[in-house]
Structures are given as structure tokens and as C-alpha cells.
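Engineer: Quick note: the sequence shown uses the UniProt record's numbering, first residue 1, plus one each step.
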Amino acid sequence: MEAEPENCPGVGTENAGKSSACAGCPNQRLCSDPNTKLEDPGKALVTEAMREVKQKLLVLSGKGGVGKSTVTTLLSRYLAHIYPEHNFGVLDVDICGPSQPRLLGVEGENVHQSGSGWSPVGVDDNLCLMSIGFLLGSTDDAIIWRGPKKNGMIRQFLSEVDWGKLDLLLLDTPPGTSDEHLSIVSYLRNDTAPETLQALIVTTPQEVSLLDVRKEINFCKKQRLSVLGVIENMSAFRCGHCGETSEIFPAKTGGAAAMCAEMKVPYLGVLPIDPEVTKACDMGEDITSINNSTTEALASISQKIVEGLKML
Ligand code: ADP
1 MEAEPENCPG VGTENAGKSS ACAGCPNQRL CSDPNTKLED PGKALVTEAM
51 REVKQKLLVL SGKGGVGKST VTTLLSRYLA HIYPEHNFGV LDVDICGPSQ
101 PRLLGVEGEN VHQSGSGWSP VGVDDNLCLM SIGFLLGSTD DAIIWRGPKK
151 NGMIRQFLSE VDWGKLDLLL LDTPPGTSDE HLSIVSYLRN DTAPETLQAL
201 IVTTPQEVSL LDVRKEINFC KKQRLSVLGV IENMSAFRCG HCGETSEIFP
251 AKTGGAAAMC AEMKVPYLGV LPIDPEVTKA CDMGEDITSI NNSTTEALAS
301 ISQKIVEGLK ML
């Protein structure tokens, strides 16, 4: 049985690999062996590859389908648009369901490999993307990978992409708190500059989604990963015809704002359900320069993110 993520003592902590929750976890041997940890060559390779990436933001969600990938796309496009003098990257680490090539409108592009690694695909002058989606033969191919191969791929992704100079790298991760997340955090965490890696959590307002977000926040606390904030996605729908606003997913328990107050993490705001977003993302188009309620909400959320990152 796989360990409950809430009971994971945390990679690098005193009880790592030793607590009852570690029984059966594929990382147990790695976590409990101090020599293995010290000698993991992957960490040094990742640090070297990311040396010119100033900030990393892990985009997390408790459940699939809450809009994590969409929010990653919108934020990267919006930030690239309003900060043209800065460079942004997106790394699609959702290795079983990579959707960024489609969302960012670069599906079918080829990734070039040079002596310094894979070159990310350019989306805009100051926005680039690397995704497993580029390496698959067909977009319909299922990737069925066991743990070690998956983790090897993640390490390769983190250490062999030639990002060059980036101000911010957004990482679109799989939903939940799985083995992949443990690997990503342990490779990317910089203990001498912990503020360079933070988490951004996306949820919808229903309690079933918020329950999983609580687990996500506890995972971050255990991993000593600072939570930059929580975005509530798809809360309200403003009808383009009558102008009325309807709550499609009513927040019976106060939604993400109440949960953030309870768990003492920053609440960044709400993104509405916007049929234009669904359409644009399906077509790989950019809607962040249009002026509507979604871009207004994005502006306010981005402002808080930029303040939290202390980078721009
Ligand atoms: P996740 O990455 O969490 O699995 P996705 O980003 O793939 O979720 O989103 C799931 C679906 O919801 C997609 O079809 C996407 O277009 C749609 N969606 C997400 N956020 C919004 C939004 N704010 N407005 C309209 N549609 C949205």
C-alpha cells in the first residue's frame, strides 16, 4: 500500500524512510540511506542545469480537472506579456497527461538536442516550453511508466533542458501528492536559498476539492516548501448574454478563502469560468491581452504572485 501523503515525514527529515508511513513507499530505501542521499548525482546535475533559473514555481492541485494546466498557461502568457523584458519558461512535468504543447499553441513542434541539452520550444519572444508531449510519437499514445523510469525521466527533464537565463520557471505537475512530487521537490529544493522554489495551488471551491488541497498544503509544509498562495478557479460564471453571475460550484464551506485563513496560507483570488478561456486553450490561442473579467482577475492574481516571488 502506498503511504498516505499526509503521513510522509518528508524527504531529508530525521524520520525519512523510517516512519510507519514509509512502509511500501518506493522512495523508502533512498530516503532512509544517508549515503544514497549525499551521493545522488542527479541533484548536482539539476542544480547545474538550473543555475540561471532565478525562481521556480510548482503549480499543484489536489485533484485533476480543476484547471491547474490552464492556470499555468494563463499565468505564463500573462506574465510574459506584461513583463516583456523578463524571460519565462514552462516545464510540463505532468508526464502522464502533458497538455501544455496544445494549451500554448505549439503542439507538434520538434525539440532540438544540442551539446548543452534539449532546447525548449519558443512560444513567444520571452516564453518557452519543454514538455514530454514533444517527445511522444502521437498525442494519443499512453505513457505507462513504472516509478523508477518515471523518476528517471523527471531527473532528465530537470537536468538536461538548456533553459538559459530565466527569471521564472513554472512547473505544471501531475495532480495530487505522488512520488513524482517528492522527486521534483528533492531535486529542485535549494537549502541555501529556499525562497527560489515555491508552490502555487489551484483548486475549485467545492469541499471535495478543498479537502485534497489541505493535503497538498500539508505536503508542502512537510517538504519545507513555501506556499505562495491558493487560486480558486471556476467559481462564478458571468453570462455574456444577460450579465447575471451564477455560482456553478457553490462554496458551501466558504471556499478557498476560508480554507486559506484556516491553514494560514495566502489566498490569491478567484478566476471565473470563462468559455473564452476553454475555447482559447483548446485552440492554443492567447487571450491574455484581451480586456475582460478573466484578464482583470489574472492581473490582480499576477500582482500578488510577483510580490510573493520578490523577483520582477
Ligand atoms: P487540470 O490541469 O487541473 O487537470 P485543466 O487545466 O486541464 O485541469 O482544465 C480542465 C478543463 O477545464 C479544460 O477543458 C479547461 O479548458 C477548463 N477550464 C479550466 N479553467 C477554466 C476557466 N477558468 N474557465 C473556463 N474553462 C476552464
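No residue lacks a Cβ here, since even glycine has one placed at the ideal position from N, Cα and C.
1) Please find out if some non-hydrogen atom of the ligand ADP comes closer than 8 Å to the beta-carbon of threonine 295.
2) For the putative contact between histidine 181 and phenylalanine 219, defined by C-beta atoms under 8 Å, what is the C-beta separation to the nearest angstrom?
3) Could you give the distance in angstroms between the alpha-carbon of lysine 215 and the alpha-carbon of asparagine 151?
4) Can you tell me which of the three DSSP states tyrosine 187 falls into?
5) For a test of the three-state rule: what should DSSP assign to lysine 54, helix, strand or coil?
6) Report yes if the C-beta distance between glycine 229 and leucine 200 is below 9 Å; otherwise report no.
7) Can you tell me whether tyrosine 267 is helix, strand or coil according to DSSP?
8) How about methionine 234: is its Cβ closer than 8 Å to a heavy atom in the ligand ADP?
9) Under DSSP, the alpha helix (DSSP H) around valine 46 begins and ends at which residues?
10) Comparing C-alpha positions only, which one of Glu232, Arg155, Leu309 sits nearest to leucine 168?
11) From the DSSP output, read off the bridge partner residues of phenylalanine 88.
12) Pick helix, strand or coil for valine 93, following the three-state DSSP scheme.
13) Could you give the first and the last residue of the continuous beta strand (DSSP E) run that contains alanine 236?
14) Taking the alpha helix (DSSP H) that alanine 299 belongs to, which residues open and close that run?
15) Is the separation between the beta-carbon of alanine 236 and that of isoleucine 273 shorter than 9 Å?
16) Between serine 209 and the rest of its own chain, which residues show a CB-CB distance below 7 Å, the 5 nearest in sequence each way excluded?
17) Rounded to the nearest angstrom, what separates serine 226 and glutamine 198 at their Cα positions?
18) Which term fits glutamate 232, buried or exposed, when burial requires 16 or more other beta carbons within 10 angstroms of its beta carbon?
19) Please report whether the beta-carbon of glutamine 113 lies at a distance below 9 Å from any beta-carbon of chain C.
20) Mapping DSSP to helix, strand and coil, what is proline 272?
21) Please classify serine 246 as buried or exposed, where buried requires at least 16 neighbouring CB atoms within 10 angstroms.
22) Should lysine 63 be listed as close to the ligand SAH, given that the test is whether its C-beta is under 8 Å from any heavy atom?
23) At a cut-off of 8 Å, is lysine 215 close to the ligand ADP when judged by its beta-carbon and the heavy atoms of the ligand?
24) Would serine 99 pass as a contact of aspartate 172 if the rule is Cβ separation under 9 Å?
Structural biologist: According to the structure data:
1) Locating residue 295 in the sequence shown gives position 295, where the first residue counts as 1. No, since every heavy atom of the ligand ADP falls outside the 8 Å radius drawn around the Cβ of threonine 295.
2) Locating residue 181 in the sequence shown gives position 181, counting from the first residue. Locating residue 219 in the sequence shown gives position 219, counting from the first residue. Your pair histidine 181 and phenylalanine 219 checks out as a contact, with CB atoms roughly 7 Å apart and the cut at 8 Å.
3) Position 215 of the sequence shown, counted from the first residue, corresponds to residue 215. Position 151 of the sequence shown, counted from the first residue, corresponds to residue 151. Near 22 Å, if we compare the C-alpha coordinates of asparagine 151 and lysine 215.
4) As a position in the sequence shown, residue 187 is number 187, starting the count at 1. Reduced to three states, the DSSP call for tyrosine 187 is helix.
5) Position 54 of the sequence shown holds residue 54. Three-state DSSP puts lysine 54 in a strand.
6) On the sequence shown, residue 229 is found 229 positions in, with the first residue counted as 1. On the sequence shown, residue 200 is found 200 positions in, with the first residue counted as 1. Yes. Within cutoff.
7) Position 267 of the sequence shown, counting from 1, holds the residue named residue 267. In the structure shown, tyrosine 267 sits in a strand (DSSP, three-state: E or B).
8) The residue labelled residue 234 in the question sits at position 234 within the sequence shown. Remark: the shortest separation between the CB of methionine 234 and any heavy atom of the ligand ADP falls under 8 Å.
9) In the sequence shown, counting from the first residue as 1, residue 46 sits at position 46. Residues 41-49.
10) In the sequence shown, the residue the question calls residue 168 occupies position 168. Ranking the options by Cα distance to leucine 168, first place goes to Leu309.
11) Here residue 88 corresponds to residue number 88 of the sequence shown, with the count starting at 1. DSSP, once it has assigned bridges, lists Leu127, Leu168 as partnering phenylalanine 88.
12) In the sequence shown, counting from the first residue as 1, residue 93 sits at position 93. Three-state DSSP puts valine 93 in coil, outside helix and strand.
13) Within the sequence shown, residue 236 is the residue found at index 236, counting from 1. Residues 226-238.
14) The residue you call residue 299 lines up with position 299 of the sequence shown. It spans 293-309 - the alpha helix (DSSP H) in which alanine 299 sits, taken as one unbroken run.
15) Taking the sequence shown and counting its residues from 1, one reaches residue 236 at position 236. Taking the sequence shown and counting its residues from 1, one reaches residue 273 at position 273. Yes, the pair counts as a contact, with Cβ atoms nearer than the cut-off.
16) Position 209 of the sequence shown, counted from the start, is the residue given in the question as residue 209. Within the same chain, serine 209 has close Cβ partners Gly62, Lys63, Val66, Thr203.
17) The residue labelled residue 226 in the question sits at position 226 within the sequence shown. The residue labelled residue 198 in the question sits at position 198 within the sequence shown. Distance between the alpha carbons of serine 226 and glutamine 198: 5 Å.
18) Here residue 232 refers to the residue found at position 232 of the sequence shown. Buried, because 16 or more other Cβ atoms sit within 10 Å of the Cβ of glutamate 232.
19) Looking at the structure shown, chain C is missing, and only one protein chain is on hand.
20) Looking up residue 272 in the sequence shown gives position 272. Strand, per DSSP.
21) As a working mapping, residue 246 is identified with position 246 in the sequence shown. So serine 246 ends up on the exposed side.
22) As for the ligand SAH, it is missing from this structure, which binds only the ligand ADP.
23) Within the sequence shown, numbered from 1, the residue matching residue 215 stands at position 215. No.
24) By 1-based counting over the sequence shown, the position of residue 99 is 99. By 1-based counting over the sequence shown, the position of residue 172 is 172. Yes. Within cutoff.
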